[in-house]
Amino acid sequence: MLGKTIQDAMNEQIKNELFSAHQYLSMSAYCESATLPGLSRWLRAQAQEEWGHAMKFYDFIQDRNARVVLKAVDQPVIEFDSPLEVFERALEQEQKVTAEINELYRLALSENDYASQAFLQWFVTEQVEEEKSVGDVVETLKMIGDKAEALFLFDRELGKRENEE
Ligand SMILES: [Fe+2]
Ligand SMILES: [Fe+2]
Numbered sequence: 003m004l005g006k007t008i009q010d011a012m013n014e015q016i017k018n019e020l021f022s023a024h025q026y027l028s029m030s031a032y033c034e035s036a037t038l039p040g041l042s043r044w045l046r047a048q049a050q051e052e053w054g055h056a057m058k059f060y061d062f063i064q065d066r067n068a069r070v071v072l073k074a075v076d077q078p079v080i081e082f083d084s085p086l087e088v089f090e091r092a093l094e095q096e097q098k099v100t101a102e103i104n105e106l107y108r109l110a111l112s113e114n115d116y117a118s119q120a121f122l123q124w125f126v127t128e129q130v131e132e133e134k135s136v137g138d139v140v141e142t143l144k145m146i147g148d149k150a151e152a153l154f155l156f157d158r159e160l161g162k163r164e165n166e167e
C-alpha cells in the first residue's frame, strides 16, 4: 500500500500532467490558427504524451491499492505572441514538471518506498528527454527569427512527428 503523503502527491501529479496535456493542446490550437500545422501537430502529439504520463500515475496508484483522486485542471494559456513564445513557455513548463518529479522522488526516498523510486526513475529520465526536445525547438526558432521561409520549412520538419503515447 502506498503511503498517504506520497499518494496525495501522486494524485496531485496526475493533475499536473493533465494540465500539461491541456496546455500543449491549447498551444497546438494556437499554432493551427497561426497557420503552422507542423508545430500544431507536434504539440498535439506532445499533449497526448502528457496524457499518457498522467495515466502512468493513475495506474501505479491503483496497482499499489491506493485511491485515484481527480482534481480540476487549471485554465491553460490561450494566446501567444509567437511560436517562439509558445516553446519558451513549454520549456518553462517542462522545467517545472522536472522539479515536481524530483520532489516526488525525494519523498519516495524519505519514506523508503522502493517501488515508487523505481517507478519514478522512468520519469526522471523522461524529463531529461522532454527538456532537451523542447529546448532544441526553442533554439531553432531563435535561429529562424523572422525568416518566414525558414519557419515554413521547420514547420514541415516538426510535422513529421508521429503520434505516440
Ligand atoms: Fe509529463
Ligand atoms: Fe512533458
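Using the numbering used here, the first residue of the sequence shown is number 3, and each one after it goes up by one. Idealized CB from N, CA, C, for every residue including glycine.
- When C-alpha distances from residue 59 are compared across 14, 93, 156, the shortest belongs to 14.
- By the Cβ-count criterion, residue 112 is exposed, with fewer than 16 other Cβ atoms from all chains shown falling within 10 Å of its own Cβ.
- Relative to ligand 1, the beta carbon of residue 24 is positioned no closer than 8 angstroms to any heavy atom.
- The beta-carbon separation of residue 102 and residue 55, rounded to 11 angstroms, does not stay under the 8 angstroms limit for a contact.
- Of the candidates 84, 158, 69, the residue whose Cα lies closest to the Cα of residue 36 is 84.
- Taken in chain order, the unbroken stretches of alpha helix (DSSP H) that lie wholly in the stretch 4-88 and span 4 residues or more are 6-35, 39-65.
- In this structure, the straight-line span from the alpha carbon of residue 77 to that of residue 123 is close to 29 angstroms.
- Residue 8 sits buried, since 16 or more C-beta atoms from the chains shown fall within 10 Å of its C-beta.
- Contact between the stretch 133-140 and the stretch 84-96 is established, with three or more Cβ pairs separated by less than 8 angstroms.
- By the neighbour-count criterion, in which a residue is buried when 16 or more other Cβ atoms sit within 10 angstroms of its Cβ, residue 64 is exposed.
- Short of 7 angstroms from the beta carbon of residue 68, and not among the five residues preceding or following it, lie these beta carbons of its own chain, in chain order: 3, 4, 9.
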